[in-house]
Amino acid sequence: MSEYDVPKVWEWNKDEKNQFGNQPVAGSRFEQTLPVGEAPLQVYSLGTPNGQKVAIMLEELKDAGAQGADYDLYLINIGEGDQFGSDFVAINPNSKIPAMMDYSLDKPLRVFESVNILLYLAEKFGQFIPDDLAEKTELMNWLFWQTGAAPYVGGGFGHFYHYAPTKQEYPINRFTMETKRQLDLLDRHLADKDYINGDTYSIADMAIWPWYGRLVQGKLYGNAAEFLKADNYTHLKEWADRIDERPAVKRALELEYKQI
1 MSEYDVPKVW EWNKDEKNQF GNQPVAGSRF EQTLPVGEAP LQVYSLGTPN GQKVAIMLEE
61 LKDAGAQGAD YDLYLINIGE GDQFGSDFVA INPNSKIPAM MDYSLDKPLR VFESVNILLY
121 LAEKFGQFIP DDLAEKTELM NWLFWQTGAA PYVGGGFGHF YHYAPTKQEY PINRFTMETK
181 RQLDLLDRHL ADKDYINGDT YSIADMAIWP WYGRLVQGKL YGNAAEFLKA DNYTHLKEWA
241 DRIDERPAVK RALELEYKQI
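Put into structure tokens, the structure is as follows:
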């Protein structure tokens, strides 16, 4: 492959299509009416790692006996561009899944960004988040770590290793290096604890597991686990398997999304 001749000013080639529907402009592209069910929480999502976070939380709330955590779950097919419809953009102007509306309030409230939804639900129902300032701060450390770190795994490693139309050594090497550094970080962190925040399962586990747990279990990006030598991260793998055995997690991965 010849070296890319970088232009002085980048111009968008409108005739060039890509599987993710990416464009350099935000906002809605068509009129859309999203369904609204009877449950207080209306969730519009997809079974990607970010979507799985919220599904896991909602199913865990069900097992915890949280009152008022009933939800309807609708499919936003990002391959078909559903995320660019007017109703979805009104909930999440960034056009990314998942997004949620809380209709239990006098004035319905929109909540977007997966970790923000986890935080919102944890605080609303008083579940899976500690009250102690030090413990809560440590949990927040890892939540914000996940939001900053995972794009290197998904948009970086996952894209160039698994999705890109051509295989390129430089970006694969670059993002493999960073992904393995992150896996090593988690493996070291989990060497003396059962969960991300210590002895107690929390939304930090729910946020991190769909990305890193499923990656080392060989359930993301084809043969990526073998490529990354995931078996070497023994503490991380034990944690991943521990989360995988939770009934709520199993149900969340098998949920059927209603069509919009």
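Under UniProt numbering, the sequence shown has 8 at position 8, and the numbering climbs by one with no breaks.
For glycine and all other residues, C-beta sits at the position ideal for the given N, C-alpha and C.
When DSSP labels each residue in this structure, what does residue i get in the three-state scheme?
i, result
"residue 43", "strand"
"residue 139", "helix"
"residue 227", "helix"
"residue 36", "coil"
"residue 85", "strand"
"residue 201", "coil"
"residue 75", "strand"
"residue 193", "coil"
Do residue i and residue j have their C-beta atoms closer together than 7 Å?
i, j, result
"residue 191", "residue 235", "yes"
"residue 143", "residue 204", "yes"
"residue 202", "residue 128", "yes"
"residue 197", "residue 138", "yes"
"residue 158", "residue 221", "yes"
"residue 213", "residue 243", "yes"
"residue 40", "residue 260", "no"
"residue 81", "residue 32", "no"
Can you list, in chain order, the residues of its chain whose CB lies under 8 Å from that of residue i, leaving out five sequence neighbours each side?
i, result
"residue 46", "75, 76, 77, 78, 97, 98, 257"
"residue 57", "117, 118, 121, 122, 128, 203, 206"
Whose C-beta lies closer than 7 Å to the C-beta of residue i among residues of the same chain, with five residues either side of it excluded?
i, result
"residue 52", "210, 252, 253"
Return the CA-CA distance between residue i and residue j, expressed in angstroms with no decimal places.
i, j, result
"residue 108", "residue 160", "40 Å"
"residue 37", "residue 28", "23 Å"
"residue 44", "residue 54", "10 Å"
"residue 89", "residue 83", "7 Å"
"residue 184", "residue 171", "20 Å"
"residue 103", "residue 132", "30 Å"
"residue 7", "residue 13", "13 Å"
"residue 182", "residue 149", "8 Å"
"residue 224", "residue 106", "47 Å"
For residue i, is the classification buried or exposed, using 16 other Cβ atoms within 10 angstroms of its Cβ as the cut-off for buried?
i, result
"residue 247", "exposed"
"residue 165", "exposed"
"residue 228", "buried"
"residue 186", "buried"
"residue 22", "exposed"
"residue 100", "buried"
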